[in-house]
Structures are given as C-alpha cells and as structure tokens.
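Here is the structure we will look at.
In the numbering used here, the protein residues as written are 100 to 648.
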C-alpha cells in the first residue's frame, strides 16, 4: 500500500487515490517529496511498496521526515543535490547510485517536478529502477560470442544482438522488422520453416538445427541455433527467441574430414583391388608355370613315346609280311611233305602250329591297333600342350576340345558310383580362331573337370550322366562354345561367386578355387566372355564366347 503522511497538505498521490493499487504493483520504487522552505529542504510525504523494499531504513522512519532525517548523511546530500537541481531547472533529473549498503545493486533515479497551473513546482516525484540486472544482461548480450535474437510470429526480427554485425556483416537496422528467410540458403529453408513452426504450434523449445546463411559479402556460413517460445500473459506463443552460433569452421573441418575419409576409402579400395589383382596375377603365374612345366613334360613324354612307338608301328607292317611269308612257306612244306619225321610231328603238336598260324595275324593286327592308339594319344598330348607352336596362332577349336576329352578319358569311364559319362558333340563348321591355344585348352580342361566332378558327386537318377559340347559361329566374328552337363546344378548364391579367386565348394585338398577364376581371366584376355547358366537340379551350362581375331 502507498504510505501517506496524512498530516501533510493534499498531494499528488492524494489526488490520485484510485491508482493506489497500481503504484504498489509496479516493479520500481516511487517516493513523493514535499518542498519545504522554497526548496531548501525536502520532506517525504509518500512512497510505494517498491520503494519500501529498497529503502535502507525502516518505513516508519520515512514519513514526514526530511531527507537528512530519513537517510544517512551521504545519501541524503546526494538526493538533496539532485532535487535542488530539479527545482532550479524545472526539468527531470536522472542519476545512478548504489542504493543498498552492500553496494552491489545499481539503481537509476529520476526526479520529476510536479507543477501547478501557474507552473510553480510544489512536489517532486522520485522513481527508482534497479538496473543492475539489466546492465549485467546487456553486458552479457553485447559480449557473448553467440548471436541472441528475437523473432515475431510472422518471422521478422524484433531484436538482434551486436554479434549479428560481426558475423554477417549487416548493420542491425538493415534487418530489424525484416524476415529471417532472406538470409537462409534455399535448400535449408523448408527444414528451418518446419523447425520454427513446430515451436509456434507446440510451444516447445527446439535445439540443434543446422543451416546455411548468407553474409553481406555473398559468402555462406553455417550456424546452429536453439530456440525458445515467447509466450504472452494469456499463454499464447507470439514468437520465439534464441541463440545462434557460427559453426562454419567446424563444418569446413567436417567436410575436409569427409573428403579425406572418402579419399582414404578410395585409396584403400584401389589398394585392395591392386592387392587382389596381384594375388590373382601371382596365382596365374604359378598356375601358368605349372601348366608350362606340365606342357613341357607332356611334350617331352610325347616325344619320347613317339619315337619308339613310331619305330614299332613302322616295323609292324614289314613284320606282318615276313611272318605271312613264313606261314606260306610252312603251308607249302605241309603240302609237299605231308608225313614229316616223328621229331617234327612232335614239335608241331607241342607248338599247336594250327592255332599259331591262325592267331599270329590277329596278334599283329592287335599290336598295330595299339600302336595306332598310342600314336593318336601322343598326337593329342602334343596338340593339348601346343609347346611346339607359336603362342598366338590360328587354330581349330575342335582339335583343342577333342584333345582335352582324350586326356580326360580315364575320368569318363564308369565308376563304382556312376556309369560311364557320355560325351555328345554337336560341332558346326568353324573358321580358324587366332588365340593362345594352350590357354584355351586349359579353359576347356577346367570346365570339363568341373562337370565330371559334379556328375561324380551327384549323378542323375533317371538318365545317363552326359556332357554336351556344342559350337557355333555368330555374326562372322564370334565363336560360341557351350559345355553343358545334366548334373545337380549350381545354387544362385554360389553362381555369383563362381569366378572369384580362391572360391571353391570342394573339400579341402580337392580344389584350389582358381580353375574357373583363371579360365575367366584367360577368356577375358581374348576379349571374350565366360558365363554360367544353371538351375539347381537341372544341370549347368558354361558359355564361352571368343572373337575370331
């Protein structure tokens, strides 16, 4: 309640008793002074609750007392000086002073003259406002490194701290009353609008959104902001205020880190690919060396076998003639001397001459057939190894396939778990193919060995195990070889890794996982393609496409 000295003459507050409640609810102090002795002294005739809270003296010591009676001498002299200045100038006087005894609170005083109709000053009204918090807040706002702002519900700035100029380069007055949207990068604006509308709709604070804003010099900077709703006395959200921080350096560092990581990942990928290629190349070199050694050995063995075999084969025909002559001579002796001596008869009987004369030509024919087969095998071994020919040469693909089949004949024979594997060939007329013959033969060998292994492992139940080999030419420049089996087929997940180096489904010690991988690389080296078409339970087909040149 506004305290009054009822002994004084009617004053300003007595003329406005209806506003007494207002005086007592405002958050600043009011003190009314009566002028005594033409302004020489000033007497306290009224004050509100706000003034009572900050008064250094009990309220009962204030009413009706002069300033020198009501306050300590130092404070009273200060008040008297400013009140006298107000009376003499007829104008409001402002001053700041530490009012409480601890000296930590700063107050802004105003001395307002009250004048009658003739403009004579009859009372003074002192207002007292605590500005310590305001000063501290202003000092904080003006010195903090982050931007502090307030935005109305329509998106326009109603307050910007000095950091706005420091970071963005604009003067504050350039954007007060203007929309924040003109600062935001077009790509980030939709998310930011959604962010702000969520605050307006839910009255909930939102934190940590990051977006790009444009500086006055045209450059873009990244900021992150935390926002809080501004609520009026009725609980309505009328805008929001927040704190924004420039995070451009962090974003630049993050982008540099991402680029560095991307480059590192790319380098790592290239290194992994180089290592994989090196492993493949190393394995191919080892395999090629093995095949080269095998080819040299096969060629050497073939050569060594070929010489005595040729000698035997070339002598069989004369031997047949000589033996036939001897047999003819014996027949003449039997005709002209039908009754030889007992010793000769005994020898004829013990030698079974009749059987010998009938079986000896058959024996020579069998030896000739065996020699011919040995010579054919030697020839196929030489064709398979191709060690006596140039590395790149126009060859008959069918010869390479046939040679491979001859070498694998022992694998095609009946086994205890399956009958003989039939090989059905459907060859078309093909032109010669310029290729690395021994390498292509290795491809045929690897694919046929896999087909035989599949048929060994799981032979078909209702039909004979069979390998189909067909060839054809397309567009005058492409030879296609298809090798198909009626085995168990290949699951899809395995098909996807079929040509990967070191991948194998065979038991340990039975496969290196390099056969098909090397075959794929060889066909690729010929600028061709190697593909597998398989349905589990219905067999597998490998398709080799090779250009003629």
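By construction, the Cβ of each residue, glycine as well, lies at the ideal position given by its N, Cα and C atoms. Source: prediction; values computed, not measured.
Residue i and residue j closer than 7 Å at C-beta
i, j, result
"residue 62", "residue 565", "The displayed coordinates of the chain run from 100 to 648. Any statement about residue 62 would go beyond what the structure contains."
"residue 329", "residue 338", "yes"
"residue 628", "residue 588", "no"
"residue 222", "residue 131", "yes"
"residue 320", "residue 341", "no"
"residue 260", "residue 250", "no"
"residue 144", "residue 128", "no"
"residue 593", "residue 582", "no"
"residue 466", "residue 415", "yes"
"residue 419", "residue 463", "yes"
"residue 268", "residue 313", "no"
"residue 577", "residue 646", "yes"
"residue 59", "residue 181", "Outside the displayed span of the chain (100 to 648) sits residue 59, for which this structure offers no information."
"residue 302", "residue 336", "yes"
Residue i versus residue j: straight-line alpha-carbon distance, rounded
i, j, result
"residue 452", "residue 424", "15 Å"
"residue 167", "residue 140", "9 Å"
"residue 371", "residue 360", "16 Å"
"residue 288", "residue 173", "60 Å"
"residue 205", "residue 224", "19 Å"
"residue 45", "residue 474", "An answer regarding residue 45 cannot be provided, because it is not within the stretch 100 to 648 covered by the chain."
"residue 535", "residue 542", "11 Å"
"residue 650", "residue 208", "Look at the range of the chain in this structure, 100 to 648, and you will see that residue 650 is not part of it."
"residue 636", "residue 557", "10 Å"
"residue 274", "residue 263", "10 Å"
"residue 343", "residue 334", "25 Å"
"residue 547", "residue 476", "18 Å"
"residue 521", "residue 511", "7 Å"
"residue 162", "residue 170", "12 Å"
"residue 351", "residue 256", "28 Å"
"residue 448", "residue 442", "10 Å"
"residue 157", "residue 175", "15 Å"
"residue 271", "residue 193", "28 Å"
"residue 540", "residue 507", "12 Å"
"residue 489", "residue 648", "With a pLDDT of only 48 at residue 489, under 50, the local geometry of the prediction cannot be trusted, and the value read off the model is given with reservation. The straight-line gap from Cα to Cα measures roughly 15 Å."
"residue 632", "residue 422", "59 Å"
DSSP bridge partner residues for residue i (one or two, in chain order)
i, result
"residue 340", "249 and 327"
"residue 196", "206"
"residue 212", "223"
"residue 640", "583 and 632"
"residue 460", "None; residue 460 has no bridge partner."
"residue 623", "Paired residue(s): none; residue 623 is not in a bridge."
"residue 140", "135"
"residue 355", "Beta-bridge pairing links residue 355 to no other residue."
"residue 651", "Lying before the first or after the last residue shown, residue 651 is absent from the chain, which here runs from 100 to 648."
"residue 494", "532"
Chain C contact for residue i (CB, 7 Å cutoff)
i, result
"residue 375", "Given the protein chain composition of this structure (a single chain), no chain C is represented."
Any non-hydrogen atom of the ligand GTP closer than 6 Å to residue i Cβ
i, result
"residue 288", "The ligand content of the structure shown is nil, which means the ligand GTP is not present either."
Where in the region 530-609 do unbroken runs of the alpha helix (DSSP H), each at least 4 residues long, occur, reported from the N-terminal end onward?
Counting whole runs of 4 or more residues, the region 530-609 contains the alpha helix (DSSP H) stretches 536-556 and 591-594.
Pairing CB atoms from the region 221-229 with CB atoms from the region 243-252, are three or more of them under 8 Å?
Cβ pair count under 8 Å is below three, so no.
Going residue by residue through the region 279-332, where are the continuous beta strand (DSSP E) segments of at least 3 residues, counting only ones entirely within it?
Complete beta strand (DSSP E) runs here, min 3: 305-313 and 319-330.
Okay, do the region 527-545 and the region 489-506 touch, 3+ Cβ pairs below 8 Å being the bar?
Judged by pairs of C-beta atoms under 8 Å, the region 527-545 touches the region 489-506, as three or more such pairs exist.
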